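Colleague:
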Amino acid sequence: MNIETTGSFLPDENLIAARQSFEHGDIDRQILTEKEDTAIRLIAERQISCGLPFVTSGELRRKHWAKDFWFGLQGISCNHIDSGHIYQPVETAEDVVHINGRIAFNPEHPFFDDFRFLKSVVSDKAKCRQTLPSPASLLLEIYDIADGHPESTYSSKEELIRDIAEAYRLTALKLYELGCDSLQYDDTALGLMCDDDYTKRLLQGGVDLLGLHREIIDIINASLEGLPTDMETSIYISGGDPIVPEWEHIDYPDNIMPKALSSLNFDKFFLPFALENDYAIEVLRHIPQGKMVVLGLADAHSPLPDDPVALSSMFHKAARIVKPSMLAISPRSGFKLSSFYERALSYEDQWRKLKELAEI
Numbered sequence: 022m023n024i025e026t027t028g029s030f031l032p033d034e035n036l037i038a039a040r041q042s043f044e045h046g047d048i049d050r051q052i053l054t055e056k057e058d059t060a061i062r063l064i065a066e067r068q069i070s071c072g073l074p075f076v077t078s079g080e081l082r083r084k085h086w087a088k089d090f091w092f093g094l095q096g097i098s099c100n101h102i103d104s105g106h107i108y109q110p111v112e113t114a115e116d117v118v119h120i121n122g123r124i125a126f127n128p129e130h131p132f133f134d135d136f137r138f139l140k141s142v143v144s145d146k147a148k149c150r151q152t153l154p155s156p157a158s159l160l161l162e163i164y165d166i167a168d169g170h171p172e173s174t175y176s177s178k179e180e181l182i183r184d185i186a187e188a189y190r191l192t193a194l195k196l197y198e199l200g201c202d203s204l205q206y207d208d209t210a211l212g213l214m215c216d217d218d219y220t221k222r223l224l225q226g227g228v229d230l231l232g233l234h235r236e237i238i239d240i241i242n243a244s245l246e247g248l249p250t251d252m253e254t255s256i257y258i259s260g261g262d263p264i265v266p267e268w269e270h271i272d273y274p275d276n277i278m279p280k281a282l283s284s285l286n287f288d289k290f291f292l293p294f295a296l297e298n299d300y301a302i303e304v305l306r307h308i309p310q311g312k313m314v315v316l317g318l319a320d321a322h323s324p325l326p327d328d329p330v331a332l333s334s335m336f337h338k339a340a341r342i343v344k345p346s347m348l349a350i351s352p353r354s355g356f357k358l359s360s361f362y363e364r365a366l367s368y369e370d371q372w373r374k375l376k377e378l379a380e381i
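Under the numbering used here, the letters of the sequence shown match residues 22 to 381, in that order.
1. Taking just the CA atoms, how far does ILE163 sit from PRO324?
2. Are the region 283–297 and the region 307–318 touching, with three or more C-beta to C-beta distances below 8 Å?
3. Using the Cβ count rule (16 or more neighbours within 10 Å means buried), how would you classify LEU378?
4. Mind checking whether GLY317 and PHE291 have CB atoms under 8 Å apart?
5. Hey, quick one: how far does the alpha helix (DSSP H) through ARG150 stretch, first residue to last?
6. Determine the direct distance from the alpha carbon of ARG83 to that of TYR206, and round the result to whole angstroms.
7. Do the region 49–68 and the region 87–105 touch if we need at least three Cβ pairs shorter than 8 Å?
8. Hey, quick one: how far does the beta strand (DSSP E) through GLN205 stretch, first residue to last?
9. What does a CB cutoff of less than 6 Å around GLU253 pick up in its chain, not counting 5 residues either side in sequence?
10. For LYS148 and ILE185, I'd like the C-alpha separation in whole angstroms.
11. Quick check on GLU236: buried or exposed, where buried means 16 or more other Cβ atoms within 10 Å of its Cβ?
12. DSSP beta-bridge partners for GLU115?
13. In whole angstroms, what is the alpha-carbon distance linking GLY28 and TYR368?
14. Please go through the same chain and pick out, in chain order, the residues whose beta-carbon is closer than 6 Å to the beta-carbon of THR174, but skip the five residues on each side of it.
15. For LYS221, is the classification buried or exposed, using 16 other Cβ atoms within 10 angstroms of its Cβ as the cut-off for buried?
16. Is it true that the CB of ILE64 sits closer than 8 Å to the CB of LEU53?
17. Have a look at ARG62, VAL228, GLU115 and flag the residue whose alpha-carbon is nearest the alpha-carbon of LYS146.
18. Rounded to whole angstroms, what is the Cα-Cα separation between TRP268 and VAL228?
19. Within the same chain, show all residues whose beta-carbon is closer than 8 Å to that of ILE24, passing over the 5 residues directly before and after it, in chain order.
20. Quick one: grab the DSSP three-state call for GLU253.
21. Taking Cβ to Cβ, would you say ILE381 is nearer than 8 Å to SER333?
22. Go through its chain and collect everything with a Cβ distance to ALA210's Cβ below 8 Å, but skip five positions before and after it.
23. For ILE302, which residues from the same chain have a beta carbon less than 6 Å from its beta carbon, with the 5 sequence-adjacent residues on both sides left out?
24. Grouping DSSP H, G and I as helix and E and B as strand, with all else coil, what is GLN41?
25. List the whole-angstrom C-beta distance separating ARG190 from THR77, where the pair is believed to meet the contact cut-off of C-beta under 8 Å.
26. Which residues bound the alpha helix (DSSP H) around ILE240?
27. Hey, how far is the Cα of LEU196 from the Cα of LEU153?
28. Exposed or buried, TYR362, counting other C-beta atoms within 10 Å across all chains shown (16 or more means buried)?
29. Name the DSSP bridge partner or partners of ILE24?
30. CA-CA distance, PHE336 and VAL315?
31. Starting from ALA87, follow the beta strand (DSSP E) in both directions and report where the run begins and ends.
32. Cα-Cα, which of GLU55, ILE48, GLY212, LEU245 is closest to PHE138?
33. Rounded C-beta distance between ALA188 and ILE124? I'm assuming under 8 Å.
34. Tell me the residue span of the beta strand (DSSP E) that contains LEU292.
35. Taking DSSP's pairing of strands, which residues face GLY46 in a bridge?
36. Thinking C-alpha only, which one of LEU231, LEU230, ASP327 is nearest ARG353?
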C-alpha cells in the first residue's frame, strides 16, 4: 500500500527543550530558529527514508497553527488576550485574529522563507509539500469573531470572500515559484458544518446555513483557480477536536459533505475514518472518479500498534468504490496536532507507526 501523512510531526527532545527555554526568556529567537533548522533537517531526512512521496517541514515552526499563516497576511494582526472567555466557558489566554484592513497576499510572508529552507534541505532527493490552513477555516474564524455577521467587520461579505481567496491564490502561486510540488489545505470548516452544536449556534445567530455551504465551497475553489497543473493540490478534512468528521449524517439533505466532496477542485482528498465505523467509507461515492484518496486509518496519538487486519479491511472496502491505484493510507491526523508539545506518542513512535503502515 502507498502511505502518506498529513505533514505534521512531533519534534525531538532538543527542540522541545529549546522551545521551553525560548518561552522562559532563556534563549533568543535566533537560537530557537537554529534549533528549528536542525530539527527540520532531521525530520526531512526521516521522511525521505520512510519513502514518503512528499516531504514537509513537519510544521515544527508553528505556534498558533492556522493563525501562524493568517497573522502573516496583510490585513490581519495578532491581538493577545491575557484572560477572559473567548468563545468558550473557561478562562483562557490566547492570541486572536484582528482584522485591521483588507486581507491580501503578503509577498514577504514568513512562510516563504520557511519553504525556501525546506527546499534547500530536500534539494532533489524528494518532492516538497506546503500545508496551509484552509481559506474556509479563516472565513469561519471571522464568522465567529463577528457573531455570524462578517459584514460587521469587513466592507462586505462578498468582498471578504474574494479577498481571502485571492490572498491564498497568490500565496500558492508564489510557493510554486519557489519550487512547491504539492499544496495541502488543512480544513476544519467542513467538519464544523457537520457538528450539530456548532450549526445550531450559527442558526441562532441568524446565519443562512445553505448559503454558508456555498460560500465555503466557493472560497476554496476560487483560491485554486489558475494554479499550475503540475502542482498537486489536496485537502485534509478534519472534524476538529474529534478528528473524524461526523460521516454518519452524510445522507442528510442539508449536509455539506456530498456537495463539497463532489465539487471541490482538488487532486487528492485526505479523509480520516474510525475503524469501528466501516459504513462511513460510503462517503467515497461522492468523490468524482480520477481523484486520489488518502484514507486516514491509523491512530496518530497512541503508541500502541494499529490492528493491521482492521486497516486492511477498511482499505479493501474503499477499493470497491475507488480504484486501488488511486488509494493510499495514512494516520488519521498529524502526529503533533495543534499543540506544540507531544501527546502519548514519542518522537520515535511516529516513525515506527509509518513503518507499520508500509508493511500492511
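A virtual CB, placed ideally from N, CA and C, is assigned to each residue, including glycine. Computed from a prediction, not measured in an experiment: that's the story for all the values here.
Modeller: To lay it out plainly:
1. Position 303 of the sequence shown, counted from the start, is the residue given in the question as residue 324. Position 142 of the sequence shown, counted from the start, is the residue given in the question as residue 163. Those two C-alpha atoms are separated by around 37 Å.
2. By the Cβ rule, the region 283–297 counts as touching the region 307–318, because three or more pairs are nearer than 8 Å.
3. Reading the sequence shown from its first residue, position 357 is the one you call residue 378. Under this definition LEU378 is a buried residue.
4. Residue numbering aside, residue 317 sits at position 296 when the sequence shown is read from its first letter. Residue numbering aside, residue 291 sits at position 270 when the sequence shown is read from its first letter. It is a contact, given that the beta carbons lie within the stated cut-off.
5. Residue numbering aside, residue 150 sits at position 129 when the sequence shown is read from its first letter. Counting along the chain, ARG150 falls outside any alpha helix (DSSP H), though it belongs to the beta strand (DSSP E) covering 148–154.
6. Your numbering for residue 206 matches position 185 in the sequence shown. Your numbering for residue 83 matches position 62 in the sequence shown. Each residue's Cα considered, the two are about 15 Å apart.
7. Between the region 49–68 and the region 87–105, the count of Cβ pairs shorter than 8 Å is below three; the stretches do not touch.
8. Taking the first residue of the sequence shown as position 1, residue 205 is located at position 184. Per DSSP, GLN205 belongs to the beta strand (DSSP E) from 203–208.
9. If you number the sequence shown from 1, residue 253 lands on position 232. The residues SER203, ASP288, in chain order, have a CB closer than 6 Å to that of GLU253 in the same chain once the five nearest residues on each side in sequence are set aside.
10. Walking along the sequence shown from the start, residue 148 turns up at place 127. Walking along the sequence shown from the start, residue 185 turns up at place 164. Going by the C-alpha atoms only, they are around 27 Å apart.
11. Taking the sequence shown and counting its residues from 1, one reaches residue 236 at position 215. Classification of GLU236: buried, given that the 10 Å Cβ count is 16 or more.
12. Translated into positions along the sequence shown, residue 115 becomes position 94. BP columns for GLU115 point to ILE102.
13. Position 7 of the sequence shown, counted from the first residue, corresponds to residue 28. Position 347 of the sequence shown, counted from the first residue, corresponds to residue 368. Whole-angstrom Cα-Cα distance: 14 Å.
14. Numbered from its first residue, the sequence shown carries residue 174 at position 153. Only ILE120, ALA167 meet the Cβ criterion.
15. If you number the sequence shown from 1, residue 221 lands on position 200. The residue is exposed, with fewer than 16 neighbouring Cβ atoms inside 10 Å.
16. Within the sequence shown, the letter at position 32 stands for residue 53. Within the sequence shown, the letter at position 43 stands for residue 64. With contacts defined as CB atoms closer than 8 Å, LEU53 and ILE64 fail to qualify as a contacting pair.
17. Position 125 of the sequence shown, counted from the first residue, corresponds to residue 146. Among ARG62, VAL228, GLU115, the Cα nearest to that of LYS146 is on ARG62.
18. Locating residue 268 in the sequence shown gives position 247, where the first residue counts as 1. Locating residue 228 in the sequence shown gives position 207, where the first residue counts as 1. Cα to Cα, the separation comes out at about 23 Å.
19. For this step, residue 24 is matched to residue 3 along the sequence shown. Within the same chain, ILE24 has close Cβ partners CYS71, GLY72, LEU73, ALA349, ILE350, SER351, LEU375, LEU378, ALA379.
20. As a position in the sequence shown, residue 253 is number 232, starting the count at 1. DSSP places GLU253 within a strand segment (E or B) once states are collapsed to three.
21. The residue you call residue 381 lines up with position 360 of the sequence shown. The residue you call residue 333 lines up with position 312 of the sequence shown. In this structure, SER333 lies closer than 8 Å to ILE381 by Cβ.
22. As a first step, residue 210 is located in the sequence shown; it is residue number 189 there, counting from the start. Contacts found: SER155, ALA157, SER158, LEU160, LEU161, ILE237.
23. Translated into positions along the sequence shown, residue 302 becomes position 281. Around ILE302: LYS338, ALA339.
24. Within the sequence shown, residue 41 is the residue found at index 20, counting from 1. In the three-state reduction of the DSSP assignment, GLN41 falls in the helix class, which pools H, G and I.
25. As a position in the sequence shown, residue 190 is number 169, starting the count at 1. As a position in the sequence shown, residue 77 is number 56, starting the count at 1. Not confirmed; about 21 Å, so no contact.
26. Reading the sequence shown from its first residue, position 219 is the one you call residue 240. For ILE240, the enclosing alpha helix (DSSP H) begins and ends at 230–245.
27. Locating residue 196 in the sequence shown gives position 175, where the first residue counts as 1. Locating residue 153 in the sequence shown gives position 132, where the first residue counts as 1. Cα to Cα, the separation comes out at about 11 Å.
28. Locating residue 362 in the sequence shown gives position 341, counting from the first residue. At TYR362, the pLDDT of 49 sits below 50, so the modelled position is not reliable and the matter cannot be decided from this model.
29. As a working mapping, residue 24 is identified with position 3 in the sequence shown. Answer is ILE350.
30. For this step, residue 336 is matched to residue 315 along the sequence shown. For this step, residue 315 is matched to residue 294 along the sequence shown. For PHE336 and VAL315, the distance between alpha carbons rounds to 10 Å.
31. Counting from one through the sequence shown, the residue named residue 87 turns up at place 66. For ALA87, no beta strand (DSSP E) segment is defined; the enclosing uninterrupted segment is the alpha helix (DSSP H) at 87–91.
32. One-based indexing of the sequence shown puts residue 138 at position 117. Just measuring C-alpha positions, the residue of GLU55, ILE48, GLY212, LEU245 sitting nearest PHE138 is GLU55.
33. Taking the first residue of the sequence shown as position 1, residue 188 is located at position 167. Taking the first residue of the sequence shown as position 1, residue 124 is located at position 103. So it is a contact: roughly 6 Å between Cβ atoms.
34. Mapped onto the sequence shown, residue 292 falls at position 271. Here the beta strand (DSSP E) through LEU292 covers 289–293.
35. The sequence position of residue 46 within the sequence shown is 25, counting from 1. None; GLY46 has no bridge partner.
36. Counting from one through the sequence shown, the residue named residue 353 turns up at place 332. When only C-alpha atoms are compared, the closest one is ASP327.
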